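*Asks:* Counting in my numbering, the sequence shown runs from 1 upward without gaps.
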Amino acid sequence: MKKRLVKVDLDEGSSRIWNGESFAGTTVLYGAKDDDAFGMQCDYELSTLTEVSPEEVRAFRESRRRGGGKVKKLPNNRIRDELVVIFGPDMSAKSAVTTLKHLVKKIEEEGLLIGRDQADEYVVESVGGALSS
1 MKKRLVKVDL DEGSSRIWNG ESFAGTTVLY GAKDDDAFGM QCDYELSTLT
51 EVSPEEVRAF RESRRRGGGK VKKLPNNRIR DELVVIFGPD MSAKSAVTTL
101 KHLVKKIEEE GLLIGRDQAD EYVVESVGGA LSS
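1. With contact counted as at least three CB pairs below 8 Å, one residue from each stretch, are the segment 116-128 and the segment 42-60 in contact?
2. Quick one: Cα of Y44 to Cα of G20, how far?
3. Could you compute how far the alpha carbon of S133 sits from the alpha carbon of G39?
4. What do you get for G115, buried or exposed, if any count of 16 or more other CB atoms within 10 angstroms of its CB means buried?
5. Answer with buried or exposed for D117, where buried requires no fewer than 16 other C-beta atoms within 10 angstroms of its C-beta.
6. Taking CB distances under 8 Å as the criterion, tell me whether G68 reaches chain C.
7. Mind pulling the beta strand (DSSP E) runs of 3 or more residues that sit fully within the segment 58-107?
8. Any idea what DSSP makes of E51, helix, strand or coil?
9. Whole angstroms are fine: how far does the CA of L74 sit from the CA of K33?
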């Protein structure tokens with residue numbers, strides 16, 4: 001599969017994640033859906049600023065649906081409507097809660113970035129469901 005470089009505003013935040021680095025190791029993650037959540041220790045591998053399957057992001061899939069097109073079913077090994085939160089081993093419980101609260105506020109106020117659509121435009125979905133580029 002061909003990787004595609006993602007363009008983002010590198011001045012956006014304070015994490016090393018948006019510098020295009022790769023990360024791998026063992027840490028704790030939480031999986032969550034609706035009011036159910038659980039934590040587990042696991043291995044992870046992340047390659048930021050690249051995308052192997054851009055047609056899998058919500059923006060692309062919604063743009064196809066709204067245009068009357070068919071959307072392929074996601075393979076079983078893909079995250080669908082679950083939330084996965086990966087905690088770095090240096091993050092405390094207090095810092096995790098503070099950071100998650102800030103993230104919730106940001107999504108409530110600015111919407112959720114859901115990827116690029118068929119027109120290659122970044123799309124944000126409001127909590128009410130409206131989409132904007």
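Beta carbons: idealized from backbone N, C-alpha and C, even for Gly.
Source: prediction; values computed, not measured.
*Replies:* Result, derived from the coordinates:
1. yes
2. 16 Å
3. 34 Å
4. buried
5. buried
6. Any reference to chain C falls outside this structure, which holds one protein chain only.
7. 83-87
8. strand
9. 17 Å
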